[in-house]
Each structure stands twice: as C-alpha cells, then as structure tokens.
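Here the numbering used here is used: the first residue of the sequence shown is 27, the next is one more, and so on. All residues carry an ideal CB built from backbone N, CA and C; glycine is no exception. Comments concern the structure below.
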Amino acid sequence: MALPESSRFQLTPDMSICRVLNGMWQVSGAHGPIEPNAAVDSMLAYHDSGLTTWDLADHYGPAEDFIGQFRQRLADSQGQAALRQVQAFTKWVPRPGPMTSSIVEGRIDVSLKRMNVEALDMLQFHWWDYDDPRYLDALHHLAQLRDEGKIRHLGLTNFDTATLEKIIDGGIGIVSNQVQYSLVDLRPEVQISQFCQAHDIRLLAYGTLCGGLLSDKYLGQPEPTPGELNTASLRKYKQMIDTWGGWDLFQELLTTLDVVATQHDVSVANVAVRFVLDRPAVAGVIVGARLGVAEHLKDNARVFDIYLSEEERERIQAVTSRGRDLFAVIGDCGDEYRRLII
Ligand SMILES: NC(=O)c1ccc[n+]([C@@H]2O[C@H](COP(=O)([O-])OP(=O)(O)OC[C@H]3O[C@@H](n4cnc5c(N)ncnc54)[C@H](OP(=O)(O)O)[C@@H]3O)[C@@H](O)[C@H]2O)c1
27 MALPESSRFQ
37 LTPDMSICRV
47 LNGMWQVSGA
57 HGPIEPNAAV
67 DSMLAYHDSG
77 LTTWDLADHY
87 GPAEDFIGQF
97 RQRLADSQGQ
107 AALRQVQAFT
117 KWVPRPGPMT
127 SSIVEGRIDV
137 SLKRMNVEAL
147 DMLQFHWWDY
157 DDPRYLDALH
167 HLAQLRDEGK
177 IRHLGLTNFD
187 TATLEKIIDG
197 GIGIVSNQVQ
207 YSLVDLRPEV
217 QISQFCQAHD
227 IRLLAYGTLC
237 GGLLSDKYLG
247 QPEPTPGELN
257 TASLRKYKQM
267 IDTWGGWDLF
277 QELLTTLDVV
287 ATQHDVSVAN
297 VAVRFVLDRP
307 AVAGVIVGAR
317 LGVAEHLKDN
327 ARVFDIYLSE
337 EERERIQAVT
347 SRGRDLFAVI
357 GDCGDEYRRL
367 II
C-alpha cells in the first residue's frame, strides 16, 4: 500500500511527516494490555505502508522503548538508511519543579537512550501550571539542547494562545503545538489557529476520533455505559461529548458523517479526520493505535483519497454548531488539563 504524495507535509525544511501520525498513548497500559513483540511487528507494518510518523511521550509506558526496538529491527531488516524515513516525536511532561540545565538535559538523555537515537526528531513540552514560570527556564534549556544538536525541533503540547505568545515573545522558536481538535472539540478555531498561522507554527491534532467513538462502530448505538468505556481515551472523550451536547446530538453528527462517508465510499472515521486535516494551521492528525491489538491501518490510509466539498463541510458544521461552545465552557486549548479533570 503506497500512500499518495498528499499524505506528506513538509513540517520543517529538513523534515517531512505523514499527515496521519500514529499515536502511542494506546500502548501505555491505560487502553488494555499490549504484547511488545506484536506491537513492534505492527509498527513495522505501519511504517512500510507509509505511516512513518509517531507521536509518543516519556510517560506513555514503554512507547519510547518500542521506538528503540522498532528502529533496531528496521535497521536490521532494511539497513541503516531506512531509519531516515522515520519521524518519532516524543514529549516531556515534567512535574512542576526546578528546571535547571542539568535536570532538563538529564531527562532528554533518558529519551535519547530509550529511543536509540542521537537526536530527538522533535521534543514536545507540556507544562501543568502557568502560574509557575519555570516553564520558560525549561524551554530555554531545551532550545539550547536543540542548538547543540540533541533535539532537532522543539514543539509544545496543550499550550494555550496567551502562553504560546509569551514563549514566542521570549524568542524561543517553536515548530508545533499539539492540541485536542475534533468535530466535537473545535476550540482551536477560536484563537490558537489564527495565532499559529501568523507565527508559522503548526497544529498537530489529537482526539480527532474521540478515542474511537467518532466512527462507524458507534453509529446508531445506544449510549455506552461507564463499564463499556474500556480505554482511557473512550472515557476521556465520552466526557467531552457529554460536555459538548450529549449522546443524541452526537448520534446526529455520526449520521451526518455517515451520509457524507457513504457518498465517498469511505468510513465515518475518514470523514472526521479529513475535516480536521483540511483546517488551516493543521499539519497532521494523530490517530491512536492499539498496536498489535486493533488495526485500522488500511482504513486510515483512505483519508488521503477523499476531498470534502464546501457543501459537505457546511452540512457537517450545521450539526457541530448546535453543540455547546467549549471555549466558553472549558477555555482555550489545553485548559482541560488545568481547570477541569477531563
Ligand atoms: N498531548 C496530549 O495531551 C494528548 C492527549 C491525548 C492523545 N494524544 C495523542 O494522540 C493520540 C491519539 O489518541 P486519542 O486518545 O486522541 O484517540 P483517537 O485517535 O481519537 O482514537 C483512537 C482510537 O480510535 C479507533 N480508531 C482508529 N482508527 C479508526 C478507524 N479508521 N475506524 C474506526 N476506529 C478507529 C481505535 O479504537 P480501537 O483500538 O478500539 O479499535 C483507536 O484506538 C495518542 O496516542 C497520543 O499520541 C495526546
């Protein structure tokens, strides 16, 4: 399965990514058990099919180690040169505390070792408390490590517009910010998308499939009980759907997506991803993969086969606009990590 040229995005002058990134939160243990060998086998299949870009984090269980093992097996089977086709974006999500250069560098060294790389393709930084300004110390040290070559690019995750502006004003070059962005959660369109476009920063979207709820599987289905929500993603995004408009409105959204999907002979998930991929500032959509457990590889590749017309987008927006204004309810991107427990 070869992906078309349109599957790629030139994120930086030296790095092209696949616009559907493989999300590795799903190997953390919070989404059920993962068998390491099966997971790494599956990573090779994703890579070979053109889905070459990975999103992970220091705290996603064995995710960084899986990247290390995957790289080793790829080099063994296809040669060292094949490693140049891999992009692996990890995160650092520290507990608030002192951010000295040795603490920051020590942490980066751990990721380098686990992932078996000489430089991190991208380090995405998260911070829990903006009243604690030590995030600026951390970012200055990270920028230094980038300049020294241990990190190729610096990104963020869940930063809101006001804090992103402070970082940019502080002269720290940022490539991307990873935020929740879906047909249910369109908060990025209120502020941060415009800010990012003005400052040449890209958005990487997550939660675009609401943990799998935004798919054919839940079309026409009764509201899942808490016991049926058996992954951390399903629980997180079910709460988001409840805050947005509830299960009945969500079913209307699925039905509308299904009509569009049927016209294109693709899946509901494809339409949900395509819609976000086409938004300005969005470089890619991260789709979670329960590696070795459940695979949607071929289906997700079909997102590159479709084009949504203006009329189709409007039909979808006619439903999403009936949901509550999540920017007013929760706040800007990432505020759910600072105000609500979602
Ligand atoms: N920065 C942050 O704070 C943050 C937060 C959350 C996530 N993320 C990143 O984003 C990634 C995505 O995770 P997410 O939690 O947002 O989940 P998601 O991508 O919205 O949903 C992933 C789930 O959707 C289902 N799925 C995938 N493709 C499908 C298809 N074509 N048809 C039907 N179902 C499909 C799968 O469910 P089954 O496995 O049940 O089949 C999969 O586990 C994470 O792995 C992580 O890398 C980042």
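Ignore the nearest five residues each way along the sequence and tell me which others in residue i's own chain have a CB closer than 7 Å to its CB.
{"i": "residue 368", "result": "Because the pLDDT of residue 368 is 40, which lies under 50, any placement of that residue in the model is unreliable, and the question is left without a value."}
{"i": "residue 98", "result": "142"}
{"i": "residue 366", "result": "Summary for residue 366: the model assigns pLDDT 46, below 50, so the residue's position carries little reliability; its value from the coordinates is reported in the next sentence. Contacts found: 356."}
{"i": "residue 145", "result": "175, 176, 177 and 178"}
Which of helix, strand or coil does DSSP assign to residue i?
{"i": "residue 115", "result": "strand"}
{"i": "residue 73", "result": "helix"}
{"i": "residue 145", "result": "coil"}
{"i": "residue 36", "result": "strand"}
{"i": "residue 132", "result": "helix"}
{"i": "residue 198", "result": "coil"}
{"i": "residue 344", "result": "helix"}
{"i": "residue 237", "result": "helix"}
{"i": "residue 56", "result": "strand"}
Between residue i and ligand 1, is the CB less than 8 Å from at least one heavy atom?
{"i": "residue 206", "result": "yes"}
{"i": "residue 150", "result": "yes"}
{"i": "residue 313", "result": "yes"}
{"i": "residue 50", "result": "yes"}
{"i": "residue 63", "result": "no"}
{"i": "residue 237", "result": "yes"}
{"i": "residue 257", "result": "yes"}
{"i": "residue 251", "result": "no"}
{"i": "residue 180", "result": "no"}
{"i": "residue 142", "result": "no"}
{"i": "residue 233", "result": "yes"}
{"i": "residue 293", "result": "yes"}
{"i": "residue 114", "result": "no"}
{"i": "residue 168", "result": "no"}
{"i": "residue 325", "result": "yes"}
{"i": "residue 75", "result": "no"}
Pull up the DSSP beta-bridge partners for residue i, would you.
{"i": "residue 263", "result": "DSSP output for residue 263 lists no bridge partner at all."}
{"i": "residue 229", "result": "203 and 308"}
{"i": "residue 46", "result": "311"}
{"i": "residue 424", "result": "With the chain covering only 27 through 368, there is no way to say anything about residue 424."}
{"i": "residue 83", "result": "Answer is none; residue 83 lacks a bridge partner."}
Who are the Cβ neighbours of residue i in its own chain at under 6 Å, not counting the five residues just before and after it?
{"i": "residue 292", "result": "328 and 332"}
Answer with buried or exposed for residue i, where buried requires no fewer than 16 other C-beta atoms within 10 angstroms of its C-beta.
{"i": "residue 66", "result": "buried"}
{"i": "residue 81", "result": "buried"}
{"i": "residue 90", "result": "buried"}
Once you ignore the five residues that flank residue i on each side, which residues in its own chain have a CB closer than 8 Å to its CB?
{"i": "residue 221", "result": "187, 190, 191 and 227"}
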